[in-house]
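A.B. asks: One structure follows; several queries about it will come next.
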Amino acid sequence: MHIRYLDLIAYGHFADRRIGFRSDAKVHLIYGPNEAGKSTVLQSIGDLLFDFPQRYTGKARHRPVDFRFRLPELRLGGELLRKDGATLAFVRRKANKAALSDPDTGETLPDDALDAFLGGLDRERFIREHGLDAETLRQGGAVLAGETDADLGCSLLAASSGLVGLRRLQLRINEEADDIFKPRSQKSQFALARAERDAARNDERDTDIVLSAREWRDNEAAIRDNAVAQDETRQKLAQLDQRHRDLSRRIALRPALRHLDEARRDLAVFDDLADLPDGLADRIDAALAEQDAASRALADAETRRTRLTEQLERYAPDQALVAAMPAVKELAENLGAFREWQEHTPKLTERLTTQKAEEARWWRELDPKADGGGLALPSIAERSHLNQQALRLQRLLASRQSRFDEMAELAERMRREDNTEDAKALPDLPRSLRLAADLSLVFEPLDQAIERRAEAQRAIVEAGEAALRLDPPVEALAYKIGLVWPSDSDIDEALGRHTALTTDQSRLETRLAELESAMAEGRRRAGEGDAAEQLPDRMDLQNARMERDSGLAHLQAGRGDWADALKAVAAADRIADRLIDDADAMAARRQERVERERLALQRNDIVRKLETVRQAMDRWQEDWATLFETLSVKPPASARAANWMGRLRSLRDAVAAANASQDKADSIIDRADGHRPALLELAASVVLPDADTLAIDILWRAVARRLDGLAQEDRARQTERAVMDERRKSYGHAESEYQRLSAEIAAMRTALKADLSGFSLPDDVMPETVFAILEGFNNLSETRAKIAETERRLAGIDDKNAAFRRSAQELIERLMPDAAGDSLDSAVGTLRDRCEEAASLARRVADLRGEYAEADEALSRAKTRGQEAEATLAACAALLPEGAELPAVAERLRERERAARTLVEQQRRFSDLADGLPEEDVRQAVEAMDQTSARDELMRLEDEKGTAEEERERHRLEAGRLLERKATLGARRGSELAAFRRQAAEERMANAAREWGRLRAASILLDAAMDHYARSVPNAALTEAGRLFETLTGGAFSGLSEDLDSEGKPILIVQRADGGTMPVSGTLSEGTGDQLYLALRLAWLKERAERNDLPPFIGDDLFASFDDDRTEAGLRAFAEIAPAVQPILFTHHKAVAETAQRTLGDGLDLIEL
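The numbering of the sequence shown is our numbering, which starts it at 270 and goes up by one.
In structure tokens, the structure reads:
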């Protein structure tokens, strides 16, 4: 699917802007600098295809575009082209229904008209799969480079779907699952809940029942009732607030209507001006002001022109003086210099005399016998050579002195450090070291053995103390280690017997309770039967039948009464029925009696069996105590026996290990004691005092320290001898250097005397003497240079004085001959003043002529302004009734505008108060409302609100009291509370198990999805990605393939141009990783495009961090996929646009914003 054009009809700051996409272009590049609208165009593509968002918040991907046009006014248009040639042109507006329409006819298009072009895509999936920006490209490159995810499945799935960080997501899911449950973890949610459940179970069994369930339930019910009451109070307050606001608004609507009516009446006064155009008052005022200003300007211009004419007639400057003004000005400026030259000439002459005397003095100091007038100074090169020679002599003298000082210091050190006579002879150190090495095998482990023995003794004591802390305690554990302990089989057998007996006893006790309950119920029913009324017997039935037969017989004889006969029949029938019923009751009673007897027999049997079990339990208790009598006076509880025995066996093992460690340490110590004589012999050889009084381990450490000290002393003496030998060598070398330097100094002094043969120098001439002679030469040279400079300046001043006199006399004779006999200073000053006066007068005349021209122009403009103002006033008067005055009409128009603004303001205030209701409905409601009753109702509502707020505060305080009581009850101990805690913990365990199962299933499914995708990627897609990767890297890599890592998981391999291969993870640079991710994305799109008609690919500033070469390669890659997918790229970098023009040529569709 291709976009042929995009219409920004009303969107952002765009209005009626069409962006067309050339059908023959390979890449469409939209370029615009910052704030040109690039981001707006980028967002418009998504809004065009998938509807505008509900609101623009400026967050995430939705930038606000409703600043110029309101949200309902936004319009976008475009035309889409499918692969099969079908097209769709449409316009989209912001609406929930009927948002699409035909751009030509305006007819509404179906809401699903785009489904055939989008292929089921939504906005989020379109942005993720068909959009890419620089940040997502960097994240994808990090995935492939192994910074976040590493395997093939994750890499390919991230590149194909745009989802990055899947492996990180899986790791996060696994971490969450481990936080919930992890084997052997005591801090997971499941483990904590399980621990709380176990603690609650113990509390259920062990705690005293103090807290009743009824107290807890009553308090919980009170808390719930209080919460319901608080909700009801809040709802009541909300209703009262709403009613208060509505009533206040209705009360405020009456003055609002009154103000609105007043504003309409004020505006109706000006109905006669309704047909006049807007802005007429401003036009009239402006025209009147312009007419008045033009009149004033015309009068001012005429007055000014007359004044300027008179001034021009009065002024007539001398043009010869004006023309000579530059030359005279220059002459006057040089007059001060001329005066200075006159003053400086005697000073320079005096300076020259002083400098020549200075030259003669220096010559006398250098050679008292010569005047120096005709002598030549040494050249700079010769003086530099003499200076270098003197410096060389100075360095040689310093070096010789340094060698002399070094010899003296070495001689003094050798004298101080030569202590060979005072050194004492050391013991036979090599023999002592050999003997110590032989004994080290025996004594080195001694300290560790002593420490291990102490540790073993501490471990035995600690184990005994721990055994005493057991329940029941075990005394003298170290002694009982050698006794016969109960075996696990004996303990298991005893516990099995106990479990069987306990089960039988519990079962029998339960059965006994059931039988006794059934027997009690039978006795209760039997008592109720005995208390019932007396039942008739067979004699009663016989008597009733006799009376019945007698009555019937009388009836047959004609003597009886039918009513009496019927009563007799009914009485006989009732007794017969009662006897039948009594038979059932009697049978039931007999059955109940039989059942009671059976229950009594069963009870007796249960009692006998229960007594037997209890006797067996007593025998088991005796056997249990006998089983543990060797270990403890009292046997452990059966429930804790395994734990008790486990801890006791651990202590036994610890004692046994400590005994073994102690035995081993004792053997090492005994072995060391056996070698004590040899150690004493070694101590005597190294002259260790008081050796016999020391313990064996302390003696060994003392001998070792003594040997170390002797070895260090021996090494120090060897070092001293080596240092003394080295210093003797240094002294000999310094002495030879001293002699060599002395000979070189003598030769250097001879050469200097030869170079300065004209001076009386001693044989041991010093460098300072040469430096003084050179300084004299330099001073003499500097003095001669100063003399030459002074002579040059005197000659220059004489030349300038002559030139100035010639110029001044020529100007004075030509312009002011009457001053030819005056002094030069006075004549030049007078001439300058006359020229300046003439020039000033000439400038004034020029300014007056310019002002006269400006006055003429101002006069013309004033006439034109007056004519235009009169024309405007005539046009305005034509719009008014005949005889109307323009100023009065303008004032009324302004009053009408003020009245209109007041009406708009009152309408706005009324609309705010009416909340969208029609004005007529509001008027009827206000007229029907009694103002006094309304205010009374408002006060009543305020009272009710106060009462409700007091009620809310009372409920709040009650809630606090109930919560405090709940905390108090919670602090009390009770089996019901423990049961609640146990149930809550079990519920948390169940929730944790469900959540853990959900997370583990998600991790497994995610891993399976990535693995499945890695195995299902077509070879053609991977080959195409490799080819694009080669294009993007400029041939540095030749392709892609897949392989298995050491764990058998598929990984991605890159092939270098030289034939080598390497895995992607951890080997690629950041830029190459970005290129690989881009290649995979483009290859995936191209492979999908062969089966489906895909929308365009949108790239935003993808090349922001690319250099020119990588940018060219990326553009060529996009050009390669253009036949399958339409690439639309955005950039604000001009360099990218220039590179694209250079790389793609006619294949580039450059769109500049």
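Cβ atoms here follow ideal geometry from the backbone N, Cα and C, with glycine treated the same way. Keep in mind it's a predicted model, so treat the numbers as computed, not measured.
Can Ala1168 and Asp535 be called in contact, C-beta distance under 9 Å?
C.D. replies: Counted from its first residue, the sequence shown places residue 1168 at position 899. Counted from its first residue, the sequence shown places residue 535 at position 266. Yes.
A.B. asks: Counting Cβ pairs, one atom from each stretch, are 3 or more of them under 8 Å apart for the stretch 1373-1393 and the stretch 272-280?
C.D. replies: No: fewer than three Cβ pairs fall under 8 Å.
A.B. asks: If contacts are defined as beta-carbon pairs under 8 Å, then Ala732 and Val924 qualify, I think. What distance do you get, rounded to the angstrom?
C.D. replies: Residue numbering aside, residue 732 sits at position 463 when the sequence shown is read from its first letter. Residue numbering aside, residue 924 sits at position 655 when the sequence shown is read from its first letter. Right, their Cβ atoms sit about 5 Å apart.
A.B. asks: Taking Leu317 and Arg361 to be in contact with their CB atoms under 8 Å, please state how far apart those CB atoms are, rounded to whole angstroms.
C.D. replies: Along the sequence shown, read from residue 1 onward, the residue named residue 317 stands at position 48. Along the sequence shown, read from residue 1 onward, the residue named residue 361 stands at position 92. That belief holds up - the Cβ atoms of Leu317 and Arg361 are roughly 6 Å apart, short of 8 Å.
A.B. asks: Give the secondary structure of Gln1008 by DSSP, where H, G and I count as helix, E and B as strand, and everything else as coil.
C.D. replies: As a working note, residue 1008 is residue 739 in the sequence shown. In the structure shown, Gln1008 sits in a helix (DSSP, three-state: H, G or I).
A.B. asks: What did DSSP end up calling Gln1193 once you bin it into helix, strand or coil?
C.D. replies: If you number the sequence shown from 1, residue 1193 lands on position 924. Reduced to three states, the DSSP call for Gln1193 is helix.
A.B. asks: With His271 as the anchor, note down where its beta strand (DSSP E) starts and where it stops.
C.D. replies: Start at 1 with the first residue of the sequence shown, and residue 271 comes out as number 2. Taken as a continuous stretch (DSSP letters only), the beta strand (DSSP E) holding His271 covers His271 to Tyr280.
A.B. asks: Less than 9 Å between the beta carbons of Ile1390 and Ile299, yes or no?
C.D. replies: For this step, residue 1390 is matched to residue 1121 along the sequence shown. For this step, residue 299 is matched to residue 30 along the sequence shown. Going by C-beta atoms, Ile1390 is not nearer than 9 Å to Ile299.
A.B. asks: Can you say whether Leu660 is buried or exposed, counting buried as having 16 or more other CB atoms within 10 angstroms of its CB?
C.D. replies: By one-based count along the sequence shown, residue 660 stands at place 391. Leu660 should be labelled exposed.
A.B. asks: Near Thr502, which residues of its chain fall below 7 Å by C-beta distance, leaving aside the five closest residues on each side in sequence?
C.D. replies: Start at 1 with the first residue of the sequence shown, and residue 502 comes out as number 233. Counting only Cβ-Cβ distances below 7 Å, and skipping sequence neighbours, we find Ala1217, Glu1220, Arg1221 and His1224.
A.B. asks: I believe Ser1050 touches Leu655 by the beta-carbon criterion, under 8 Å. Please report the beta-carbon distance rounded to the nearest angstrom.
C.D. replies: Counted from its first residue, the sequence shown places residue 1050 at position 781. Counted from its first residue, the sequence shown places residue 655 at position 386. No, Ser1050 and Leu655 are not in contact; Cβ-Cβ is about 14 Å, not under 8 Å.
A.B. asks: Does at least one heavy atom of the ligand FAD sit under 8 Å from the Cβ of Ala550?
C.D. replies: For the structure depicted, the ligand FAD is absent and the ligand set is empty, with no information on it obtainable.
A.B. asks: Return the residue from the list Glu619, Ala728 and Trp969 that minimises the CA-CA distance to Arg1062.
C.D. replies: In the sequence shown, counting from the first residue as 1, residue 1062 sits at position 793. With distances taken between Cα atoms, Arg1062 lies closest to Glu619.
A.B. asks: How should Arg466 be labelled, buried or exposed, when 16 other C-beta atoms within 10 angstroms of its C-beta is the threshold for buried?
C.D. replies: The residue given as residue 466 occupies position 197 in the sequence shown. Its Cβ being crowded by 16 or more others within 10 Å, Arg466 is buried.
A.B. asks: Assuming Asn1361 and Gly315 are in contact, meaning their beta carbons sit under 8 Å apart, how far apart are those beta carbons, in whole angstroms?
C.D. replies: Start at 1 with the first residue of the sequence shown, and residue 1361 comes out as number 1092. Start at 1 with the first residue of the sequence shown, and residue 315 comes out as number 46. That pair is no contact at about 20 Å.
A.B. asks: Locate the alpha helix (DSSP H) running through His1401, then write down its first and last residues.
C.D. replies: Position 1132 of the sequence shown, counted from the start, is the residue given in the question as residue 1401. First-last for His1401: undefined, no H or E at that position.
A.B. asks: Determine the direct distance from the alpha carbon of Asp1068 to that of Arg1075, and round the result to whole angstroms.
C.D. replies: Locating residue 1075 in the sequence shown gives position 806, counting from the first residue. Locating residue 1068 in the sequence shown gives position 799, counting from the first residue. If I take the Cα positions, the gap works out to 11 Å.
A.B. asks: Starting from His654, follow the alpha helix (DSSP H) in both directions and report where the run begins and ends.
C.D. replies: For the purposes of this step, residue 654 is taken as residue 385 along the sequence shown, with counting starting at 1. Note, His654: alpha helix (DSSP H), Ile649 to Glu686.
A.B. asks: Quick one, are the C-beta atoms of Glu1235 and Leu509 less than 9 Å apart?
C.D. replies: Position 966 of the sequence shown, counted from the first residue, corresponds to residue 1235. Position 240 of the sequence shown, counted from the first residue, corresponds to residue 509. The sequence given here has Lys at residue 1235, not Glu. Contact flag unset, no.
A.B. asks: Distance, Cα to Cα, Phe607 vs Arg1101?
C.D. replies: Position 338 of the sequence shown, counted from the first residue, corresponds to residue 607. Position 832 of the sequence shown, counted from the first residue, corresponds to residue 1101. For Phe607 and Arg1101, the distance between alpha carbons rounds to 16 Å.
A.B. asks: Within 8 Å, do at least three Cβ pairs link the stretch 367-376 to the stretch 1340-1353?
C.D. replies: No, because fewer than three Cβ pairs between the stretch 1340-1353 and the stretch 367-376 fall closer than 8 Å, the two stretches do not touch.
A.B. asks: Which residues in the same chain as His297 place their Cβ atom closer than 6 Å to its Cβ, once the five residues preceding and following it in sequence are excluded?
C.D. replies: Against the sequence shown, residue 297 aligns to sequence position 28. So the qualifying residues of the chain are Phe290, Ile1397 and Asp1418.
A.B. asks: Within the continuous alpha helix (DSSP H) that includes Val310, where are the two ends?
C.D. replies: Mapped onto the sequence shown, residue 310 falls at position 41. Run containing Val310: Lys307 to Phe319, per the alpha helix (DSSP H) assignment.
A.B. asks: According to DSSP, what are the bridge partners of Ile1081?
C.D. replies: On the sequence shown, position 812 is the one that residue 1081 refers to. Its beta-bridge partners do not exist; DSSP assigns none.
A.B. asks: Just verifying my parser: in three-state terms, what is the DSSP assignment at Arg1161?
C.D. replies: Position 892 of the sequence shown, counted from the start, is the residue given in the question as residue 1161. Looking at Arg1161 - three-state DSSP - the assignment turns out to be helix.
A.B. asks: Flag this pair as yes or no: are the beta carbons of Ala1138 and Glu559 separated by less than 9 Å?
C.D. replies: Mapped onto the sequence shown, residue 1138 falls at position 869. Mapped onto the sequence shown, residue 559 falls at position 290. Against a cut-off of 9 Å, the Cβ pair of Glu559 and Ala1138 comes out as a contact.
A.B. asks: Name the one or two DSSP bridge partners that Gln1324 has.
C.D. replies: The count along the sequence shown starts at 1 and reaches residue 1324 at position 1055. According to DSSP, Gln1324 bridges with Gly1308 and Thr1330.
A.B. asks: Under 7 Å Cβ to Cβ from Val711, same chain only, skipping five residues before and after it: list those, please.
C.D. replies: Start at 1 with the first residue of the sequence shown, and residue 711 comes out as number 442. Around Val711: Arg940, Ala941 and His944.
A.B. asks: Is the beta carbon of Leu340 closer than 9 Å to that of Glu348?
C.D. replies: The residue you call residue 348 lines up with position 79 of the sequence shown. The residue you call residue 340 lines up with position 71 of the sequence shown. Result no, Cβ atoms of Glu348 and Leu340 do not sit closer than 9 Å.
A.B. asks: Does DSSP classify Phe539 as helix, strand or coil?
C.D. replies: One-based indexing of the sequence shown puts residue 539 at position 270. DSSP places Phe539 in coil when its eight states are reduced to three.
A.B. asks: What three-state label does DSSP hand Ala284 in the structure shown?
C.D. replies: Residue 284 sits at position 15 when you count from the first residue of the sequence shown. In the structure shown, Ala284 sits in a strand (DSSP, three-state: E or B).
A.B. asks: Is Ala367 near Asp380, with beta carbons less than 9 Å apart?
C.D. replies: In the sequence shown, counting from the first residue as 1, residue 367 sits at position 98. In the sequence shown, counting from the first residue as 1, residue 380 sits at position 111. Yes, these two residues count as a Cβ contact at 9 Å.
A.B. asks: Hey, out of Ala1057, Leu752 and Phe539, whose CA is closest to Leu900's CA?
C.D. replies: Position 631 of the sequence shown holds residue 900. That would be Leu752, whose Cα lies nearest to the Cα of Leu900.
A.B. asks: Please name the residue in Arg792, Glu1120, Glu651 and Glu866 whose C-alpha comes closest to that of Leu576.
C.D. replies: Translated into positions along the sequence shown, residue 576 becomes position 307. The question names Leu, yet the displayed sequence has Arg at residue 576. Checked all of Arg792, Glu1120, Glu651 and Glu866; the closest Cα to Arg576 is Glu1120.
A.B. asks: In whole angstroms, what separates the C-alpha of Arg970 from that of Lys933?
C.D. replies: For the purposes of this step, residue 970 is taken as the residue at position 701 of the sequence shown. For the purposes of this step, residue 933 is taken as the residue at position 664 of the sequence shown. Straight-line Cα distance between these residues: approximately 21 Å.
A.B. asks: Lys328: buried (16+ other C-beta within 10 angstroms of its C-beta) or exposed?
C.D. replies: Taking the sequence shown and counting its residues from 1, one reaches residue 328 at position 59. Here the model assigns Lys328 a pLDDT of 39, short of 50, so the residue's position is not dependable and the matter cannot be decided.
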